[in-house]
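First comes the structure, then the notes that go with it.
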Amino acid sequence: MKNALTYFITLLIIACQSAMASSPERLFEQANAAYEAEQIDSAKTLYNQLIQQGYTSHQLHYNLGNAHFKSGEVAKSILHYERALKLKPNDEDTRHNLNVANGQITDEFEELPSLFITNWWKGLITLFAPATWWVVAIVLFWIFVAFVTFFVLAKDVAVKKRVAGGIVTSLTLTALTVIIAIFSYMEMQNRDNAIVMKAAVSVYSEPQSNATELYVIHSGLKVEIQESINNWIEVRLPNGNKGWIPQTSITRI
């Protein structure tokens, strides 16, 4: 009986150690250590293992983007920098590295001009992730509740007048932040972007290989997906031109 108990405890300890060794935190630490030791392939394998297990974070995609960039895999680095920015839109390091990686791709398209107010609004709603905007809205709402409570409990008329200003301001800011959060979420959901992964891809006028070839695009280019038919994707290029490419030539962000 004693031997059986000892055997069971030993198995339990081994199982716990194994679980700890394969925990997301442990795998992430191992991947970071491999990257620091210039074992880039091992780092990429461990980072991808975490993603395959369903884990995701800004830092995970940022680090994987760096690993791919060090390996000379520019398109994959752009893909993961873009994914990192979706989770943390205002991160300057990620945006800088993305700009550096984009500077190494073949295609250079002049983007369609847009109004200042449009750029300003888009910059505002993408300043933070939607979840962050919702957190700000909740905080502002509770500030509003605090002002209302203080207003109800206050006896002095002069104090009530000052608190009333806080009520109006906090309620207005809460409403504006909720609107921004909604538009931020809509922007993230509606924009279906992808990165070209193949070295060179022909863009056709129709979803078939015997259609007219309009132009050729190359790996690393970011395109906006319009619609899909069978194994073909209609994409919109940065300059506004559209065309059809094989679905296998891109990876969605």
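If you're matching positions, the sequence shown starts at 4 in this note's numbering and goes up one per residue. Glycine is no exception: its CB is placed at the ideal position from the N, C-alpha and C atoms. Owing to the predicted nature of the structure, the values given are computational and were not obtained by experimental measurement.
A residue is called buried once 16 or more other Cβ atoms fall within 10 Å of its Cβ, and Pro116, having fewer, is exposed. In the structure shown, Thr129 falls within a coil segment according to DSSP collapsed to helix, strand and coil. Considering only Trp137, Lys89, Pro210, Val206, the residue with the shortest C-alpha distance to Thr180 is Trp137. Counted as a single uninterrupted DSSP element, the alpha helix (DSSP H) harbouring Ile81 occupies residues 77-90.
Spatial neighbours of Ile183 in its own chain (CB-CB distance under 6 Å, excluding positions within 5 residues in sequence) are listed in chain order as Ile128, Trp136. For Gln229, the three-state secondary structure derived from DSSP is strand. About 5 Å separates the Cβ atoms of Ile170 and Phe150, confirming a contact at the 8 Å cut-off. In this structure, the straight-line span from the alpha carbon of Val103 to that of Asn69 is close to 11 Å. In this structure, the beta-carbon distance from Ala78 to Ile198 falls below 9 Å. Taken through DSSP and simplified to helix, strand or coil, Asn122 comes out as helix. Under the criterion of beta carbons closer than 8 Å, Pro241 and Phe112 qualify as touching, at roughly 4 Å.
Leaving aside the five residues that flank Glu190 on each side, the residues in its chain whose CB is nearer than 8 Å to its CB run, in chain order, Lys125, Ile128, Thr129. In the three-state scheme derived from DSSP, where H, G and I count as helix and E and B as strand, Pro116 is classed as coil. Note: His221 is bridge-paired with Ala203 in the DSSP secondary-structure output. Measuring C-alpha to C-alpha distances from Arg239 to each of Asn233, Thr251, Leu224 identifies Leu224 as the nearest. Counting of Cβ neighbours within 10 angstroms places Ala134 among the exposed residues, the total staying below 16.
Taken atom to atom, the span from the alpha-carbon of Leu174 to that of Leu156 is near 19 Å. Linking Ala167 to Lys91 through their CA atoms gives a straight-line distance of about 36 Å. Judged by DSSP in its simplified three-state form, Ala214 adopts coil rather than helix or strand. Remark: C-beta atoms of Ser222 and Glu216 do not approach each other more closely than 9 Å. With a threshold of 16 other beta carbon atoms within 10 Å, His83 meets it and is buried.
In the three-state reduction of the DSSP assignment, Thr48 falls in the helix class. Per the DSSP secondary-structure output, Pro27 pairs with nothing in a beta bridge.
By the beta-carbon neighbour count (other beta carbons within 10 angstroms, threshold 16), Thr48 is exposed. The shortest CA-to-CA distance from Ile256 to any of Trp247, Ile228, Asn51 is the one to Ile228. Only exposed fits Ala40, as fewer than 16 other CB atoms lie within 10 angstroms of its CB.
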